[in-house]
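Since the structure comes first, as structure tokens, the remarks are kept for the end.
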Amino acid sequence: MIINTGGRTDTVQYYTKWLLKRFEEGYVYSRNPLFPNKVTRYELTPDKVDCVQFCSKNYEPILFDLPKIISRFPTYFHYTITAYGRDIEPRVPSIEKSMETLKKLSAIVGKQRLSWRYDPVLLTEKYTIQSHTETFEKMAAELAPYVDRCIFSFVEMYKKLETNMPELIPLTDTDKDVLARSFGEIAEKHGLYIQTCGTNGEYSQYGIHPSGCMTLEMVGKANGITFRNLKHKGMRQGCHCIESRDIGAYDTCMNGCKYCYANKNPEKAFGNYRYHDSDSPILLGHLKETDEVQQGLQKSFLNKGDVFTQQRLE
């Protein structure tokens with residue numbers, strides 16, 4: 063199975079100590095967001111986890127300790143760096159700082175395990191098609207030597223964006239086409255592999271590959287392992303990724319990004335942080351007497367002959 067550490071919250075940036083302790087102790091509890099009294103336990107051991115997927119907007123807090131994890135598990139890292147400032151992403155480091163941290167991360171984990179995410183792409187009066195093109199050009203020129211690929215997607219118009227981002231200008235099909243063509247040309251210029259993720263639209267004519275951001279092919283190639291030929295079910299509509307299990311919790315990320323789908327509002331995330339205990343096996347609070355705990359099904363996707371599978375059988 064694939065463990066996801068960053069789909070529901072930026073665990074790496076705000077819950078680093080907790081995350082490291084979970085891998086040290088070898089297990090974690092995850093609360094069901096729809097049925098809060100149902101809790102699943104996952105073993106965080108090499109014999110149960112095929113790959114650990116990371117996604118963050120700031121890897122600085124975990125850089126020193128990452129070798130403890132990458133030496134034991136296959137891993138893949140997504141680093142989100144966009145064109146936006148603190149008006150859109152209040153607690154995200156600057157573009158310059160983020161790019162420097164990405165270079166440090168690349169030196170530790172290797173470029174083959176690292177993707178640069180430029181998403182979501184959205185428009186406002188400040189962040190125009192021209193400004194996106196100019197910023198993407200500068201970033202691609204600097205980051206191309208340090209990453210395996212660039213993944214981008216266009217913003218999804220969740221209903222709450224109408225409240226959180228009234229300044230948002232809806233993207234037309236023409237807008238998307240113009241942006242995709244620009245990104246494709248820039249990526250080709252800098253020798254950067256570029257793909258979409260969960261985005262409706264066909265842009266292969268601009269050298270943009272349609273794919274999932276976390277496929278078994280990507281993980282296997284990055285880590286030198288092989289998987290069975292399984293169909294990717296996806297995590298949501300339009301997604302081509304292999305299924306994973308997220309160990310985080312919604313409404314806990316304090317980056318405050320206005321486009322965020324995982325937070326109802328930034329204030330709630332700050333309020334929930336009060337219940338975090340880095341020594342607890344669950345991200346928020348502790349297990350309750352009324353909780354129903356079950357052992358998660360951790361079925362391997364690896365080929366039977368793979369070295370990691372052989373270690374499980376010994």
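As numbered in the numbering used here, residues 63 to 376 make up the sequence shown, in order.
All C-beta atoms, glycine included, are put in the ideal place defined by N, C-alpha and C.
Expected contact under 8 Å - CB spacing of residue i and residue j to nearest Å
i: LEU96; j: MET161; result: In fact, because the Cβ distance is near 37 Å, the residues do not count as touching under 8 Å.
i: GLY269; j: ILE256; result: 7 Å
i: TYR104; j: LYS165; result: No, TYR104 and LYS165 are not in contact; Cβ-Cβ is about 32 Å, not under 8 Å.
i: THR258; j: PHE214; result: 6 Å
i: VAL240; j: ILE191; result: 6 Å
Paired residues, beta bridge with residue i - DSSP
i: TYR255; result: BP columns for TYR255 are empty, so no partner.
i: ASN226; result: Beta-bridge pairing links ASN226 to no other residue.
i: ASN66; result: GLN115, ASP308
i: TRP80; result: Its beta-bridge partners do not exist; DSSP assigns none.
i: ILE231; result: LEU185
i: VAL355; result: VAL101
i: PHE245; result: Answer by DSSP bridge pairing: none, since PHE245 is not bridged.
i: THR137; result: VAL114
i: ILE213; result: ARG179, GLN257
i: TYR91; result: ARG103, ILE344
i: PHE289; result: LEU364
i: HIS271; result: GLN257
i: THR142; result: ARG179
Environment of residue i [buried if 16+ CB atoms lie within 10 Å]
i: GLN267; result: exposed
i: HIS271; result: exposed
i: GLN356; result: exposed
i: SER193; result: exposed
i: THR225; result: exposed
i: PRO182; result: buried
i: THR70; result: One detail in the question is off: residue 70 reads as Arg in this sequence, not Thr. Under this definition ARG70 is a buried residue.
i: GLY68; result: buried
i: ALA203; result: exposed
i: PRO98; result: exposed
i: ARG84; result: buried
i: PHE332; result: exposed
i: MET219; result: exposed
i: THR78; result: buried
i: CYS212; result: buried
Residue from the options whose Cα sits closest to the Cα of residue i
i: GLY253; options: VAL101, THR314, ASP210; result: ASP210
i: LYS221; options: SER215, LEU230, HIS194; result: LEU230
i: GLU247; options: TYR265, ASP237, TYR104, GLY286; result: TYR265
i: PHE289; options: LEU233, LYS366, LEU185, THR163; result: LYS366
i: TRP80; options: ASP353, THR352, HIS348; result: HIS348
i: PRO129; options: GLU199, ALA169, GLY282, ARG336; result: ALA169
i: PRO228; options: ALA284, LYS320, LEU82, GLU305; result: LYS320
i: PHE216; options: GLU199, ILE64, ASP235, LYS200; result: ASP235
i: GLU351; options: LYS100, GLU86, GLU87; result: LYS100
i: PRO232; options: ILE287, GLU187, VAL171; result: GLU187
i: LEU185; options: LEU167, VAL154, GLY286, LYS238; result: LYS238
i: ARG134; options: ASN285, TYR180, ASP308, GLU305; result: ASN285
i: ASP313; options: GLU250, TYR323, SER306; result: TYR323
i: CYS315; options: GLU305, LYS330, PRO155; result: LYS330
i: ALA249; options: GLU158, LEU223, THR195, LYS283; result: THR195
i: GLU354; options: THR102, ILE65, ILE64; result: THR102
i: MET201; options: GLY172, PHE245, LEU167, TYR189; result: PHE245
i: LYS251; options: GLU199, GLU279, LYS283, ILE287; result: GLU199
i: GLU86; options: ILE64, MET63, ILE132; result: ILE132
i: LYS283; options: LEU346, GLY358, ASN325, GLY172; result: GLY172
i: CYS66; options: GLU305, ARG243, THR197, GLU279; result: Before going further, note that residue 66 is Asn rather than Cys in the sequence given. That would be GLU305, whose Cα lies nearest to the Cα of ASN66.
i: ILE64; options: ILE309, CYS212, LYS159; result: ILE309
Beta carbon proximity, residue i to chain C, threshold 8 Å
i: PRO343; result: In the structure shown, chain C cannot be found, because there is only a single protein chain.
Tell me whether the segment 73-80 and the segment 114-129 touch, counting them as touching only if at least three CB pairs, one residue from each stretch, are closer than 8 Å. yes
Q. Can we say the segment 138-146 touches the segment 85-99, given the rule of at least three CB pairs closer than 8 Å?
A. no
Three Cβ pairs or more, each shorter than 8 Å: is that satisfied between the segment 359-366 and the segment 104-116?
yes
| Are the segment 334-353 and the segment 175-185 in contact at 8 Å, needing three or more beta carbon pairs? | no
Fill in: the segment 287-294 contacting the segment 141-159, beta-carbon criterion three pairs below 8 Å
no
**OP:** Examine the Cβ distances between the segment 123-130 and the segment 147-155 and report whether three or more of them are shorter than 8 Å.
**Re:** no
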